[in-house]
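Asker:
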Amino acid sequence: MLRGFQAAVAALDRVIVAEMQGSGDDLSAISSAADSAFDAGAVVIAANGNNGPGASTVNTPANAHKAIGVGNFDVQTGNQVTSQSRGPAPDGRIKPDIQAPTNTQTASNASDTALRVFTGTSGATPYAAGAAALLRNWLRGSSFDIDPGQVYAQLILSGQQPYPFNNTTGAGPLNLPTDGWAWWGKVSVSNGATIDIPLNVSGGGLNTFDGALWWPETAVQFPFGIRRDLHNDVDLYLIDPSGVVRAFSVSISSIFERARVTGSIVSGIWKLRIRGYNVPFGPQTVYWAAAAHIRSL
Amino acid sequence: MTEIHAREGWYVTRPEQEELWQGVLSERSVPLGPATRAALRYVLVTQDRELVIYAANVERQLASFVGQRVQVLGKLVDLSDEGFGQELWIASIQTNRSLASDQIL
Numbered sequence: 000m001l002r003g004f005q006a007a008v009a010a011l012d013r014v015i016v017a018e019m020q021g022s023g024d025d026l027s028a029i030s031s032a033a034d035s036a037f038d039a040g041a042v043v044i045a046a047n048g049n050n051g052p053g054a055s056t057v058n059t060p061a062n063a064h065k066a067i068g069v070g071n072f073d074v075q076t077g078n079q080v081t082s083q084s085r086g087p088a089p090d091g092r093i094k095p096d097i098q099a100p101t102n103t104q105t106a107s108n109a110s111d112t113a114l115r116v117f118t119g120t121s122g123a124t125p126y127a128a129g130a131a132a133l134l135r136n137w138l139r140g141s142s143f144d145i146d147p148g149q150v151y152a153q154l155i156l157s158g159q160q161p162y163p164f165n166n167t168t169g170a171g172p173l174n175l176p177t178d179g180w181a182w183w184g185k186v187s188v189s190n191g192a193t194i195d196i197p198l199n200v201s202g203g204g205l206n207t208f209d210g211a212l213w214w215p216e217t218a219v220q221f222p223f224g225i226r227r228d229l230h231n232d233v234d235l236y237l238i239d240p241s242g243v244v245r246a247f248s249v250s251i252s253s254i255f256e257r258a259r260v261t262g263s264i265v266s267g268i269w270k271l272r273i274r275g276y277n278v279p280f281g282p283q284t285v286y287w288a289a290a291a292h293i294r295s296l
Numbered sequence: 000m001t002e003i004h005a006r007e008g009w010y011v012t013r014p015e016q017e018e019l020w021q022g023v024l025s026e027r028s029v030p031l032g033p034a035t036r037a038a039l040r041y042v043l044v045t046q047d048r049e050l051v052i053y054a055a056n057v058e059r060q061l062a063s064f065v066g067q068r069v070q071v072l073g074k075l076v077d078l079s080d081e082g083f084g085q086e087l088w089i090a091s092i093q094t095n096r097s098l099a100s101d102q103i104l
């Protein structure tokens with residue numbers, strides 16, 4: 000598994016799909032390899048695992064600090080899947096990060112024309128990876144590369160479960176925003192700091208304003224099983240042109256935030272407010288994404 | 000008697016009837032990789048069938064029962080529509096040394 004990550008990074012694969020379902024915690028060799036792949040510039044999309052419904056069953060490397068853990072929902076019914084591994088990660092982070100459809104028909108290796116039904120979070124993860132690849136290509140534009148954290152923030156933004164989150168759905172099922180405006184960037188957040196990012200929204204018919212954050216963290220393992228989690232708590236607020244906070248996301252344990260305003264989205268200068276609520280290990284790099292768009296309700 | 004999943008919300012809310020099962024608890028190898036379910040790490044061998052057991056987070060508790068005749072209170076859950084199969088979710092387990100092998104159900 001480690002050689003797989005090394006080979007992918009060496010080949011400059013920019014979106015790595017990890018359907019390993021290994022055992023081990025967020026500091027295991029496999030999860031550490033996933034974190035290193037992110038540090039080398041790769042997006043890592045990992046199956047959350049099929050060991051639910053018990054809590055804290057998320058597998059490695061989905062429990063890594065810098066990988067997106069993908070849960071699943073049934074494509075036909077939209078129902079949650081009993082067997083999906085649940086969070087939290089060993090250090091309390093919300094998992095999965097997002098969900099994608101499973102129980103879909105795909106190619107089989109039985110013959111050149113054979114089909115099969117692919118289930119579990121492994122069946123869902125390729126859809127999330129496809130979304131990540133699309134987002135990455137779009138975000139980088141004509142640039143050679145783009146920071147993978149920027150893709151992660153867009154994936155969280157594309158989840159359909161705003162705050163509050165739980166350890167079954169995370170930020171919810173993926174649905175990429177269309178028909179509107181998008182913004183993204185990254186900032187450095189210190190403890191107690193408030194950063195307002197102005198966003199000029201214009202155009203009629205917009206019915207949804209979404210905002211999301213994602214930030215990379217780590218933890219340190221000491222001898223005798225002692226660990227220290229270097230967690231920072233960053234919050235998100237969406238503020239309309241009149242200065243009213245219309246939505247917020249203030250999860251304590253997660254490393255993402257996601258908020259949504261629905262209804263008529265008035266034109267004007269909106270603000271995406273990022274607040275370093277408790278950032279003892281800062282300054283923290285935080286990736287943000289926002290979209291004002293027309294969503295099918 | 001050792002309580003396993005009896006108080007978990009996901010166990011309590013499952014609609015299947017609780018039943019008593021008797022047999023010998025064994026370990027089984029579980030593959031890793033796509034579309035696998037590594038939590039099915041044990042199997043209850045009864046007189047006429049083998050029932051895989053959902054053992055997420057309770058592997059160590061169940062390990063002490065391996066190779067022993069046991070009586071299990073649990074629900075037989077069918078996850079076929081998720082790509083898996085029937086599995087036994089356990090509320091509690093106890094050794095049952097008084098059962099002779101020909102008495103195992």
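Just so you know, the protein sequences line up as chains A and B, in that order. In terms of numbering that gives the first Met the number 0, the first sequence is residues 0 to 296. In terms of numbering that gives the first Met the number 0, the second sequence is residues 0 to 104. Just so it is clear, CB atoms sit at the ideal spot from N, CA and C, and this is done for glycine as well. As the structure is a computational prediction, the values presented were derived from the model and not from experiment.
1. Can you name the residues of chain B whose CB is closer than 8 Å to the CB of A:THR56?
2. Drop a sphere of 10 angstroms on the beta-carbon of A:TRP137, count the other beta-carbons inside from all chains shown, and report buried for 16 or more, exposed for fewer.
3. Taking the alpha helix (DSSP H) that B:TYR10 falls in, what are its first and last residues?
4. Counting only runs that start and end within the stretch 40-93 of chain B, where is the beta strand (DSSP E) found for 3 or more residues in a row?
5. What is the DSSP secondary structure of A:PHE4, counted as helix, strand or coil?
6. Using CA atoms only, rank isn't needed, just tell me which of A:GLY48, A:GLN20, A:ILE29, A:SER253 is closest to A:GLY3.
7. At a CB-CB cut-off below 9 Å, which residues of chain A make contact with B:TRP7?
8. Got a sec, what are the start and stop residues for the beta strand (DSSP E) A:PHE247 sits in?
9. Identify the contact partners of A:THR81 in chain C, using a Cβ-Cβ distance below 7 Å as the criterion.
10. Note down the Cα distance separating A:ASN58 from A:GLY203, rounded to an integer number of angstroms.
11. Give the C-beta separation of A:ALA258 and A:LEU198 to the nearest angstrom, bearing in mind that I take them to be a contact with Cβ-Cβ under 8 Å.
12. Closer than 9 Å, Cβ to any Cβ of chain B: which residues of the stretch 1-23 of chain A, in chain order?
13. Against chain A, which members of the stretch 24-53 of chain B pass a CB distance test of less than 7 Å?
14. To the nearest angstrom, report how far apart A:ALA109 and A:HIS64 are at their CA atoms.
15. Is there contact between the stretch 238-256 of chain A and the stretch 267-276 of chain A, where contact requires at least three CB pairs shorter than 8 Å?
16. What are the partner residues of A:ILE268, as DSSP defines its beta bridges?
17. Below 8 Å CB to CB, which residues in the same chain sit around A:LEU133 once its five sequence neighbours on both sides are set aside?
18. So A:ALA61 and A:ALA45 are in contact, right, with Cβ under 8 Å, and what is the actual spacing, rounded?
19. So which of A:GLY140, A:SER250, A:GLN83 has the shortest CA-CA distance to A:THR160?
20. Let me check understanding here. Comparing Cα to Cα, which of A:SER121, A:GLN20, A:LYS185 lies closest to A:PRO306?
21. Since A:ASP228 sits in a beta bridge, which residues does DSSP pair it with?
22. Taking DSSP's pairing of strands, which residues face B:GLY22 in a bridge?
23. Assuming the contact rule is C-beta atoms closer than 8 Å, A:VAL8 and A:ALA39 should be a hit. Round their C-beta distance to whole Å, please.
24. Could you name each continuous alpha helix (DSSP H) segment of 4 residues or more that falls completely within the stretch 3-81 of chain A, going from the start of the chain to the end?
25. Would you tell me roughly how many angstroms separate the C-alpha atoms of A:PHE221 and A:ASP228, rounded to the nearest one?
26. Does A:PRO100 come out as helix, strand or coil in the three-state DSSP assignment?
27. Out of A:GLY119, A:ARG85, A:SER201, A:THR177, which has the shortest C-alpha to C-alpha gap to A:SER266?
28. Quick one: grab the DSSP three-state call for A:LEU125.
29. Can you name the residues that DSSP bridges to A:TYR236?
30. Looking at the structure shown, is A:LEU173 part of a helix, part of a strand, or coil, going by DSSP?
31. Looking only at its chain, what residues have a beta carbon closer than 6 Å to the beta carbon of A:PRO172, apart from the 5 residues adjacent to it on each side?
32. Quick check: is the beta carbon of A:SER31 nearer than 8 Å to any beta carbon in chain B?
33. Bridge partners of A:VAL278, per DSSP?
34. Just tell me which of A:TYR236, A:ARG226, A:GLN20 has its CA closest to the CA of A:ASP195.
35. Considering only heavy atoms of the ligand FAD, does any lie closer than 7 Å to the CB of A:VAL74?
36. A:SER121 versus chain B: which residues are under 9 Å apart at the beta carbon?
Answerer: With the given structure in hand:
1. The residue given as residue 56 of chain A occupies position 57 in the first sequence. By Cβ distance, chain B contributes ALA38, ALA55, ASN56.
2. Indexing the first sequence from 1 puts residue 137 of chain A at position 138. For A:TRP137, the number of other beta carbons within 10 angstroms of its own is below 16, and it is reported as exposed.
3. Counting from one through the second sequence, the residue named residue 10 of chain B turns up at place 11. Residues 8-11.
4. Taking only runs of at least 3 residues, the beta strand (DSSP E) segments lying wholly in the stretch 40-93 of chain B are 41-44, 49-52, 68-77.
5. Counted from its first residue, the first sequence places residue 4 of chain A at position 5. Assignment of A:PHE4 by DSSP, reduced to helix, strand and coil, places it in the helix class.
6. Residue mapping note: residue 3 of chain A aligns to position 4 of the first sequence, counting from 1. Among A:GLY48, A:GLN20, A:ILE29, A:SER253, the Cα nearest to that of A:GLY3 belongs to A:ILE29.
7. Counting from one through the second sequence, the residue named residue 7 of chain B turns up at place 8. The displayed chain sequence assigns Glu, not Trp, to residue 7 of chain B. Those within 9 Å of B:GLU7 in chain A are PRO52, GLY53, ALA54.
8. In the first sequence, residue 247 of chain A corresponds to position 248, counting from 1. Unbroken beta strand (DSSP E) run through A:PHE247: 244-248.
9. Included in the structure are the protein chains A and B, with no chain C among them.
10. Residue numbering aside, residue 58 of chain A sits at position 59 when the first sequence is read from its first letter. Residue numbering aside, residue 203 of chain A sits at position 204 when the first sequence is read from its first letter. About 44 Å.
11. The residue labelled residue 258 of chain A in the question sits at position 259 within the first sequence. The residue labelled residue 198 of chain A in the question sits at position 199 within the first sequence. The Cβ separation is near 13 Å, so there is no contact.
12. Residues passing the 9 Å Cβ filter: GLU18, MET19, GLN20, GLY21, SER22.
13. Within the stretch 24-53 of chain B, the residues whose Cβ lies closer than 7 Å to some Cβ of chain A are LEU31, GLY32, PRO33, ALA34, THR35, ARG36, ALA37, ALA38, listed in chain order.
14. For this step, residue 109 of chain A is matched to residue 110 along the first sequence. For this step, residue 64 of chain A is matched to residue 65 along the first sequence. A:ALA109 and A:HIS64 have their alpha carbons spaced roughly 36 Å apart.
15. Verdict: yes, contact present.
16. The residue given as residue 268 of chain A occupies position 269 in the first sequence. A:ASN199, per the DSSP bridge assignment.
17. Numbered from its first residue, the first sequence carries residue 133 of chain A at position 134. Counting only Cβ-Cβ distances below 8 Å, and skipping sequence neighbours, we find LEU175.
18. Taking the first residue of the first sequence as position 1, residue 61 of chain A is located at position 62. Taking the first residue of the first sequence as position 1, residue 45 of chain A is located at position 46. Between A:ALA45 and A:ALA61 the Cβ distance is about 4 Å, and since that is below 8 Å, they are a contact.
19. Position 161 of the first sequence, counting from 1, holds the residue named residue 160 of chain A. The residue asked about is misnamed: residue 160 of chain A is Gln in this sequence, not Thr. The residue with the shortest Cα to Cα distance from A:GLN160 is A:SER250.
20. The structure shown does not extend to residue 306 of chain A, since chain A is modelled only from 0 through 296, so no value can be given for it.
21. Taking the first sequence and counting its residues from 1, the one referred to as residue 228 of chain A is at position 229. In DSSP, A:ASP228 forms a bridge with A:ALA218.
22. To locate residue 22 of chain B, count along the second sequence from 1; it is residue 23. Note: B:GLY22 sits in a beta bridge opposite B:VAL69.
23. As a working note, residue 8 of chain A is residue 9 in the first sequence. As a working note, residue 39 of chain A is residue 40 in the first sequence. Cβ atoms of A:VAL8 and A:ALA39 come within 8 Å of each other, at about 5 Å.
24. Correct list: 28-38.
25. Along the first sequence, read from residue 1 onward, the residue named residue 221 of chain A stands at position 222. Along the first sequence, read from residue 1 onward, the residue named residue 228 of chain A stands at position 229. Cα-Cα distance, rounded: 11 Å.
26. The residue labelled residue 100 of chain A in the question sits at position 101 within the first sequence. If DSSP states are grouped into helix, strand and coil, A:PRO100 belongs with the strands.
27. Taking the first residue of the first sequence as position 1, residue 266 of chain A is located at position 267. Answer by Cα proximity: A:SER201.
28. As a first step, residue 125 of chain A must be located in the first sequence, where it is residue number 126. Note that residue 125 of chain A is Pro in the sequence shown here, rather than Leu. Here A:PRO125 sits in helix by DSSP.
29. Locating residue 236 of chain A in the first sequence gives position 237, counting from the first residue. According to DSSP, which records beta bridges pairwise, A:TYR236 is partnered with A:PHE247, A:ARG272.
30. Numbered from 1 along the first sequence, position 174 holds the residue referred to as residue 173 of chain A. Looking at A:LEU173 - three-state DSSP - the assignment turns out to be strand.
31. Taking the first residue of the first sequence as 1, we reach residue 172 of chain A at position 173. Contacts found: PHE72, GLN98, GLN159.
32. For this step, residue 31 of chain A is matched to residue 32 along the first sequence. Answer no: the Cβ-Cβ gap between A:SER31 and chain B never drops below 8 Å.
33. By one-based count along the first sequence, residue 278 of chain A stands at place 279. None, per the DSSP bridge assignment.
34. The residue labelled residue 195 of chain A in the question sits at position 196 within the first sequence. Of the listed residues, the one whose Cα sits closest to A:ASP195 is A:TYR236.
35. Among the ligands in the structure shown, none appear at all, so the ligand FAD cannot be discussed.
36. Working through the first sequence from its first residue, we reach residue 121 of chain A at position 122. Those are GLY32, PRO33, ALA34, THR35, listed as they occur along chain B.
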